[in-house]
Structure formats: structure tokens, C-alpha cells
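Report on the following structure.
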Amino acid sequence: GIEDILVKPEADHKRKKIIERSRQSGIEAVRAALNLPETASCEEVQGKWQDAHLCKDQRDFNMVDMKFKEEVNNYNNEVNKVCMPLGLHRSFPENNLQLMVQSGAKGSTVNTMQISCLLGQIELEGRRPPLMASGKSLPCFQPYDFSPSSGGFVTGRFLTGIRPSEFFFHCMAGREGLVDTAVKTSRSGYLQRCIIKHLEGLVVQYDLTVRDSDGSVVQFLYGEDGLDIPKTQFLQPEQFPFIAENYEVIQKTNHLDEALARMESHQANQQFKAIKKWRARHQNSVQREGGFLLFSQKKLASLKAQLPGGEIKNGRDPATLQLLKMWYELDEKKQRKYLKKTNKCPDPSLGVWRPDTYFASVSETFANGVEGYINKWESESSRSYMHPELSSDRLKDLLYLKWQRSLCDPGEAVGLLAAQSIGEPSTQMTLNTFHFAGRGEMNVTLGIPRLREILMVASSNIKTPMMSVPVFNTKKALKKVKQLKKQLTRVCLAEVLQKVDIEESLHVKHKLNKHRLYKIKFHFLPHEYYREEKCVKPRQILHFMETRFFKVLLEAIKRKTTKMASFNEVSTRKTTRKDLDDDQDKALNSLEAVAEEEENIVDAEPDEGDGDATETKRRKNQEEEVDYESEEENGEENVKENPEDEEAESEKEEGTPGAEEDQNRAEGEDSQHLSFVSQTKKGKDRLLQSAEVRVSAVVESHPSIQDYTFDTENELWCEVSLALPLTKVYFDLSSLLASLARGTVIHEVKGITRCLLNESTNKQGEKEAILQTEGINLAELFRYSDILDLNRLYCNDIHAMAKNYGIESALRVIIKEIKDVFAVYGIVVDPRHLSLVADYMCFEGIYKPLNRIGIQSNSSPLQQMTFETSYKFLKDATMMGAHDELRSPSACLVVGKVVKGGTGLFDLKQPLT
Numbered sequence: 001g002i003e004d005i006l007v008k009p010e011a012d013h014k015r016k017k018i019i020e021r022s023r024q025s026g027i028e029a030v031r032a033a034l035n036l037p038e039t040a041s042c043e044e045v046q047g048k049w050q051d052a053h054l055c056k057d058q059r060d061f062n063m064v065d066m067k068f069k070e071e072v073n074n075y076n077n078e079v080n081k082v083c084m085p086l087g088l089h090r091s092f093p094e095n096n097l098q099l100m101v102q103s104g105a106k107g108s109t110v111n112t113m114q115i116s117c118l119l120g121q122i123e124l125e126g127r128r129p130p131l132m133a134s135g136k137s138l139p140c141f142q143p144y145d146f147s148p149s150s151g152g153f154v155t156g157r158f159l160t161g162i163r164p165s166e167f168f169f170h171c172m173a174g175r176e177g178l179v180d181t182a183v184k185t186s187r188s189g190y191l192q193r194c195i196i197k198h199l200e201g202l203v204v205q206y207d208l209t210v211r212d213s214d215g216s217v218v219q220f221l222y223g224e225d226g227l228d229i230p231k232t233q234f235l236q237p238e239q240f241p242f243i244a245e246n247y248e249v250i251q252k253t254n255h256l257d258e259a260l261a262r263m264e265s266h267q268a269n270q271q272f273k274a275i276k277k278w279r280a281r282h283q284n285s286v287q288r289e290g291g292f293l294l295f296s297q298k299k300l301a302s303l304k305a306q307l308p309g310g311e312i313k314n315g316r317d318p319a320t321l322q323l324l325k326m327w328y329e330l331d332e333k334k335q336r337k338y339l340k341k342t343n344k345c346p347d348p349s350l351g352v353w354r355p356d357t358y359f360a361s362v363s364e365t366f367a368n369g370v371e372g373y374i375n376k377w378e379s380e381s382s383r384s385y386m387h388p389e390l391s392s393d394r395l396k397d398l399l400y401l402k403w404q405r406s407l408c409d410p411g412e413a414v415g416l417l418a419a420q421s422i423g424e425p426s427t428q429m430t431l432n433t434f435h436f437a438g439r440g441e442m443n444v445t446l447g448i449p450r451l452r453e454i455l456m457v458a459s460s461n462i463k464t465p466m467m468s469v470p471v472f473n474t475k476k477a478l479k480k481v482k483q484l485k486k487q488l489t490r491v492c493l494a495e496v497l498q499k500v501d502i503e504e505s506l507h508v509k510h511k512l513n514k515h516r517l518y519k520i521k522f523h524f525l526p527h528e529y530y531r532e533e534k535c536v537k538p539r540q541i542l543h544f545m546e547t548r549f550f551k552v553l554l555e556a557i558k559r560k561t562t563k564m565a566s567f568n569e570v571s572t573r574k575t576t577r578k579d580l581d582d583d584q585d586k587a588l589n590s591l592e593a594v595a596e597e598e599e600n601i602v603d604a605e606p607d608e609g610d611g612d613a614t615e616t617k618r619r620k621n622q623e624e625e626v627d628y629e630s631e632e633e634n635g636e637e638n639v640k641e642n643p644e645d646e647e648a649e650s651e652k653e654e655g656t657p658g659a660e661e662d663q664n665r666a667e668g669e670d671s672q673h674l675s676f677v678s679q680t681k682k683g684k685d686r687l688l689q690s691a692e693v694r695v696s697a698v699v700e701s702h703p704s705i706q707d708y709t710f711d712t713e714n715e716l717w718c719e720v721s722l723a724l725p726l727t728k729v730y731f732d733l734s735s736l737l738a739s740l741a742r743g744t745v746i747h748e749v750k751g752i753t754r755c756l757l758n759e760s761t762n763k764q765g766e767k768e769a770i771l772q773t774e775g776i777n778l779a780e781l782f783r784y785s786d787i788l789d790l791n792r793l794y795c796n797d798i799h800a801m802a803k804n805y806g807i808e809s810a811l812r813v814i815i816k817e818i819k820d821v822f823a824v825y826g827i828v829v830d831p832r833h834l835s836l837v838a839d840y841m842c843f844e845g846i847y848k849p850l851n852r853i854g855i856q857s858n859s860s861p862l863q864q865m866t867f868e869t870s871y872k873f874l875k876d877a878t879m880m881g882a883h884d885e886l887r888s889p890s891a892c893l894v895v896g897k898v899v900k901g902g903t904g905l906f907d908l909k910q911p912l913t
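All residue numbers for the sequence shown refer to full-length UniProt numbering, where the first residue is 1 and numbers rise by one.
What follows is the structure, encoded as C-alpha cells:
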């Protein structure tokens, strides 16, 4: 009854106290997020919060959100600990509701918490409910209210009811859930369909290989060990005791003696012995070994002593060339002597002996698990008084037989199973999840967008590219990596700019020289504010302003005025035509004419789209078709999904230099965008020059620059005077400067925007520093092999890994990335499914997407036509005279044949006599 959800009075009292405390926690969260001191007043904190909210770069505002969520999460956990399970009137198992949840019949712990404790933080797309332009989340709250309840923290519960504002937040979350489900089904459904149509022909054959319908080998053993996934549960070391206890039943049902009599096991055992022997001899298997390397170790030192030294800038030194000559002159017998000493590790048993034909040919992981269990079992049985009926060899054979009986059956449609195993869990994931990790971590694309990026689009331009590489655990490396972190971090002008003062005046005395004069004074932050984080100095900033920024600014002003003037011209031309055509309006004065014209333009806008219904429908269908095709045709997600992207794009266009400036930037990209090492030397020379020379250089660089002054002592400010011609249109220079400062880069390493240094724990349990970058430039990191452990470098851009490390590395990255996407939601997909999908995408030697571009290489025209764009594939097949063998499942279904999979893999022959 109702007692199942009632909370004891003591627990309820504690709950109310915790909720009361939570109401005061908001201001501390904002201070911590914005790095403000504890002495900062409420007005000051609110002002900073407002600046973060209205700023184009939302990083600080997102930090406030994250801190709020962390804070309220702690209070949420406190309330839950107080009320559940000890705070309830009835405890488990007498509590029927708890019994239902704990047994897994229906419901979750979250449901019971929302009934008895509190609803907690309401989230929309992983964030708190957004603020309006006024700073309010709902009209009933104050602007930039510090209370967590204004940000969607619902302290009410279903047991005692929730307040109207809390109910509104709750409805927002409910609406998001409904919309998400409605939109998500189409996205995840199409993703699953793409995977199924590509992998439908992958079937396990009688030689245990996984082949496509055209006979091409995708995997030599399904999942790299040939095991059927549902049968692998009893092959875990935890289940070995169960097999040992039931050995009599298992050996009878699986016919152990018959299997041992029919199959040989000594070949596989010999292979395992050879591997053990090699590993015992070669302790450090990571070190590269070879005949020539061994030969060079012996001879190189003596050769270098004989031959003259000297620095070689390009190519090989004389000693190495002589060494190569000596190696090639050796006869075959002597070369073999060196090669024998450096034999490579024998191949695993599974790679040499077929597991269905040769007994005991199992995976190395399973063999190690069995050996460990047998040793443990023998030590336990030696201590017991009773002599075991089962010998260790017999138990080992029994476990190996169980492994062999768990092999995947020929005819298994493993491609379809893999597609379903990835497609079904994707329906449980939220659609647009963008994980904001804060200042100390990277932003990562999650959920279905990331899955589409990896599988469907195979994008070479991913949304959140990143690299991570461990740092060597030496004092020298740890010291150098801090400098490297600064060097790799991009510096924009806005990050070192404190404020900008603009004075504007009109000069109209001279008829021939009427102009508007702007005096712009740039104040820069003192060097100590950014010394630890940024790789620039005040001198370099001033040099950048003098040589680059003023030109960029004037170019942007020119584009802005031209753009605004063109808008004005269009409206003027329309008005003139109207006045010429419409004789009746000649008597009206100019103001009335303009007003009427504006009305006509406004009225005319909706009529432009009028036409017959067929035309409207046709246009709508065309738009839908373009939307449907755009993503896969281009191989990228080029369609902007929200207006913010377009706004950012337009600002970016305004903030970028003209064509000439772009050309200059492209020519000097290496020198201007990498580091300021070379410019520092030039900077020292410039310091020796007088201030007058620098001023004259700036003034002469552009005719619009009237005057220039700068801080000769501390280099913390500069002032420029710009004379601009008078125009009919007026624009806000301060907003243009703000957008330009955000987009102008003073220093960057190509491809990398941000760099972080984090700590993590390695496999040995030791702490190590990890260098992480937003953006990718592998070639740059390769230069620091003395600081970074490049053998363990990881990058989430699959194309970059394939290009630099080969297609095998791309395959491993695909598996890891898909696994990581599901891991966030607590979903585990068997690695055999993932390896099959990754192998299919890479088996042509390139990273192939699972879309209509990827299916072009398929040998079955009918399979292509049943995917999408049937007419296109039909036309191509007809033009090329393509031939279909009718082996793919789609082709078989089209003509009514039995699909070549499962029991349809073989034919039954009827004897005629």
C-alpha cells in the first residue's frame, strides 16, 4: 500500500534541512566557475555571469552550468542516502515496490527516488534549462537568480506534490523526451538500415571464414577466434568450476572420447610450446630485432672509428653505407646465421591449425585462462584429503572440447547479427548529446551523431578531433612538456585584449576631404596575466597589430560598408521604379512615398511564394530530396542544423581578410601560424629601431591610417587613427572589432586549437601525464619524440590514423570509438560484432562508409538498387553491362530464390535410384 513510499519523520526532517542548505549553494558555484574570489559581492558575481551569458564564446557560461550541476548532484545524493532505503517505513523485502525494482521485474531506483525523495535536476540535451535574453529561466524568477531551483533543480517529490514552476520544468523534460523519441527513431532506424544493407551478405562458410556474397574474405575467423557469441558465456574462467563439477554429464553429451579418437591434438600443443619457448628466450618482445640489426650492432662501432666522421645533414653517413654494402656482400649461409638468432615469434595456434579439425587449437587468451585454472585446481586438490576422480589432463581436454563445441556454425548470418547488435542499442541513446567536459577536459561528440560520423559518413572532417599521448615519466620531459603545452595552444587577439576605446569625429570643413575619423586605442593585458598559459609576449602582440591586424581591420570595414551600401542600393532602385511607374503617386510628398513603398515591399514578400499547389508541392519535394541526399553525396554533414552556425559563419566571413590577404596568409603559413621563434629574433632587431620608424611604417602601410602611437616602455597599448570616407550607411565599429578580435589568431600550430595536460593511471597502476589536444597535427607531435611516448599516441580521426599508421590502425580505432560511444550509456556490445563491422569497412584497404558511396564497390547491382537511389544504380549497371550472380540475400529475394545462409547454404541432392 501507501506505506511502501512513505518516509519516516526523522528522515523527512533531514531531507528538508538538506534542501534548505542547497538553496544557498548557487553563488558559490558561480564564483568557482568564473574563478572569482570569495569576497566578490552578489552584484559583481551577477555582472560576470551576465557577461558570460551574453558572450559569443559560451565556455564560461557552460562552466557555470556544470558547476551548478555538480553542486546540486551532491545534495541530490545526500537526500537519497537519507531517505532510501533505511528512511522508508517499510524496507526490502517487505516493501512491495522495492521488491519489484530490486528483482528487476519493472521500474528503476530513479522512479522510487522521484516518488519519495525529490525529482532532482531537470536537464534538456544534457544541460540545465536555458536562460532567456533577460537572464531569467522563467518569468517567476529574478534575472541571474542564484537559487538552484531557478535552474531546474526540482526539490519537490510526487508523494507530496511539486510547485507550478517545478511542474513547468518537469513538462519541459517530458516534452524533450517525446520529441527526442520521435526524431531519434528515424535517425537510429536509418543508421541500422544502412548497416544491415551493407553487411547482409556476410556469412560464416564451411572453412570457418566470414565471406561476403561475392566470395571475398572479410575475416579468416569470425570475431578473430571463431566463437559463437551466445555460447561464450561458459568459456569465462569464472565458469570453469561449474564445468569441472559437471564433467560426467558434459563428456557424455559432447562425446569427449570420440572427439579425442577422431582428432589430433599434438600439432596445436607443439605450437603453444614453441610460442612459450620463444617468449622465455625473448623477454622484451617490444624491441625490434632482425638479422641486419644484429649485424650492425657488432660492426658499426668499428666502422665509425675507421671512417672519417663529420655532420651529415642529408642522407646516410659513410659508415652506414659501408655497413649496408658489407651485409649485401655476405653469403647466404652467414646471413642465415644472423637471421636464426632473431627468429620472430611463431604464429598463434588459431592462425596455423583450423580449430574445427585440430583439437586443442584454441585462442591464446583461453589457453592462458585454462592453464591458470588447472594450476589452481591442482594445488587445491593436493591439499584436500579426497583424491579427485578427474585428472588435470582430462579436465583440460574437457575445457578444450567445450571451446571447440562453441565454434560458430557454418551458415550463420553474422553480418545481420552485428548490424542488429549495433542498431538496437542505438535506439536507447539520446539524439544530440554534446558532452561539455569543462576547462580540464575535451569536448566530445557522443550518441547517434558520433555513430553516424564513424559508420555512415566516414567523415574526414569530424566535429571534435583530438589527440592524446602519454609523457615520459622523467623530470626533463615533464618540464619540457609544460612549454610544449603553451606552444601548441592557439592564442586569439581577444584573449590578450583588455579593452578597446573608440573615439569618433566628423571632419567636414574641407569640401574635397570630408571624412569620419576614428581613434581606436587597444589596451592589452599585462604579461603576467597570461605568461603561464600563452606562448606570446607583448612585443610580439604589438608587432602583429602593426604588420597584420590593422590591414585586416580596414579590409573588414571595407567589406562591411560595401555590403551595407548594396542593400541600400537595392531598396533605392525599387523605390525609383515605383515612382516612375506609378503616376498617381506623384502628388504625394517623399516621406509618404517612402512609407507606402515600405508597406508595398512588406506586402509583396508573402506573395512571392504564391503559385499553384502543384508548384508548391514540387518545390517542397525537391527540398526534401536535397535534404535526404546531401549528407551522403558530399560525404560530410554540410547542412547547418541551427541558425547559430550560420550566424557564426557570417561573422567569420566578416572577420576574415580579403582574397589578397588570404593569398599572403597561405604563402607565409608556416612562418606566421606556427611559432614566433623566427619572429622573436626579428623583434629584437626592431626594438633597436626608433619608434618614429615603426610609426611611419604603419602610417605608410595604408592610406586610411592617419596616425599611430604605442606604449614604448611597457608595450601594453597602441592607438591608431583611421580616416574613413563618409557613407550614407552607418555601422557599429565596436561590434565589428569584437567579432574580429575573437576570430583573429596571433599564434597557432596548424590544426590544433587547445592543449591540456591531464593525469591518468596506466595499466601498472602508476600515475602518468597525458598531453591532450583539440585538433589534429600528428606531424607536429612526431618532432617531440624525446618528451612524448609516441608508441602510445592515440587519435580519434580514423582517416588521419589510416594515413599515418596504415589501415590496421584505423580498424582498431573504429572498434574503440564505437565501443566508447556505447560505454557512456552503459551499453556493452560484443567486440566480435564490432570487429566484423570494422573489418568490412576496411577490407578494401581504405576506410569505406556504410552509405550509397560505400555500396558502389558492391558486386551485386540488385543489392545496390534495393538500398537507395535505385534508378541511378540501375542506369549505371545497364550502361556498364553489369552481371549479377544472384548470391546476395537481396538479389535472391528479388528473383524468389532461397537465401544463401543458414539452412539455405547447402543443397540437398535426391538420389534418382
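Ideal Cβ placement from N, Cα and C applies to all residues, glycine included.
{"Query": "Limits of the beta strand (DSSP E) - the one that M466 falls within", "Result": "M466 to P470"}
{"Query": "Outcome for N62 when other beta-carbon atoms lying within 10 angstroms are tallied against a minimum of 16", "Result": "buried"}
{"Query": "Same chain only: Cβ atoms within 6 Å of V899, ignoring 5 sequence neighbours per side", "Result": "P889 and C892"}
{"Query": "Pairwise C-alpha distance: Q58 and E598", "Result": "Summary for E598: the model assigns pLDDT 36, below 50, so the residue's position carries little reliability; its value from the coordinates is reported in the next sentence. If I take the Cα positions, the gap works out to 38 Å."}
{"Query": "Exposure of I18, with buried meaning 16 or more beta-carbon neighbours within 10 Å", "Result": "buried"}
{"Query": "Coarse secondary structure for R490, derived from DSSP in three states", "Result": "coil"}
{"Query": "Sub-9 Å separation of P526 and A800 beta-carbons", "Result": "no"}
{"Query": "Rounded straight-line distance, which links the Cα of Y75 to that of V821", "Result": "29 Å"}
{"Query": "Cβ-Cβ separation, I520 to L771 (assumed contact under 8 Å), whole Å", "Result": "Going by Cβ atoms, the distance from L771 to I520 rounds to 39 Å, so no, they are not a contact pair."}
{"Query": "Same chain, Cβ closer than 7 Å to R163, five either side skipped, listed in chain order", "Result": "G156"}
{"Query": "Per-residue DSSP class, three states only, for W717", "Result": "strand"}
{"Query": "Sub-9 Å separation of Q121 and K69 beta-carbons", "Result": "yes"}
{"Query": "Rounded separation between A173 and D830 - CA only", "Result": "32 Å"}
{"Query": "Under the three-state DSSP convention, the category F522 falls into", "Result": "strand"}
{"Query": "Pair within 9 Å by beta-carbon distance, I195 and I422", "Result": "yes"}
{"Query": "Assigned exposure category for N758 - 16 Cβ within 10 Å defines buried", "Result": "exposed"}
{"Query": "Any alpha helix (DSSP H) of 4 or more consecutive residues that is wholly inside the region 360 to 414", "Result": "364 to 383 and 392 to 405"}
{"Query": "Classification of residue 921 by the beta-carbon crowding that lies within 10 angstroms, buried from 16 upward", "Result": "Outside the displayed range of the chain (1 to 913) lies residue 921, so it cannot be described from this structure."}
{"Query": "CB of R742 within 9 Å of CB of A556, strictly", "Result": "no"}
{"Query": "Local Cβ density within 10 Å of F359, reported as buried at 16 or more and exposed below that", "Result": "buried"}
{"Query": "C-alpha gap between L99 and I2, whole angstroms", "Result": "14 Å"}
{"Query": "W327 versus K334 - alpha carbon distance", "Result": "10 Å"}
{"Query": "Limits of the unbroken alpha helix (DSSP H) element including E700", "Result": "A691 to S701"}
{"Query": "Helix, strand or coil at V725 [DSSP, three-state]", "Result": "For the record, residue 725 in the displayed sequence is Pro; it is not Val. Strand, per DSSP."}
{"Query": "Strand pairing of Y794, partner residues [DSSP]", "Result": "S468"}
{"Query": "Among F242, L512 and C795, nearest to K816 - alpha-carbon criterion", "Result": "C795"}
{"Query": "DSSP three-state assignment for Y708, whether helix, strand or coil", "Result": "strand"}
{"Query": "Cβ neighbour criterion (16 or more within 10 Å) applied to D65", "Result": "buried"}
{"Query": "Identity of the residues DSSP links to R211 by a beta bridge", "Result": "V203 and V217"}
{"Query": "Any alpha helix (DSSP H) of 4 or more consecutive residues that is wholly inside the UniProt domain \"RNA polymerase Rpb1\" (47 to 154)", "Result": "59 to 83, 96 to 102 and 109 to 116"}
{"Query": "Contained alpha helix (DSSP H) runs [length at least 4] in the region 737 to 811, N- to C-terminal order", "Result": "778 to 782 and 798 to 805"}
{"Query": "Which residues DSSP lists as bridging R516, in chain order", "Result": "L506 and L724"}
{"Query": "Selection from R336, A810, R383 and A418 that minimises the alpha carbon distance to H198", "Result": "A418"}
{"Query": "DSSP bridge partner residues for R157 (one or two, in chain order)", "Result": "G161"}
{"Query": "The region 390 to 398 in contact with the region 331 to 351 per 3-pair CB rule at 8 Å", "Result": "no"}
{"Query": "Presumed contact (8 Å Cβ cut-off) between L227 and S361, rounded CB distance", "Result": "Incorrect: roughly 13 Å between the Cβ atoms, too far for contact."}
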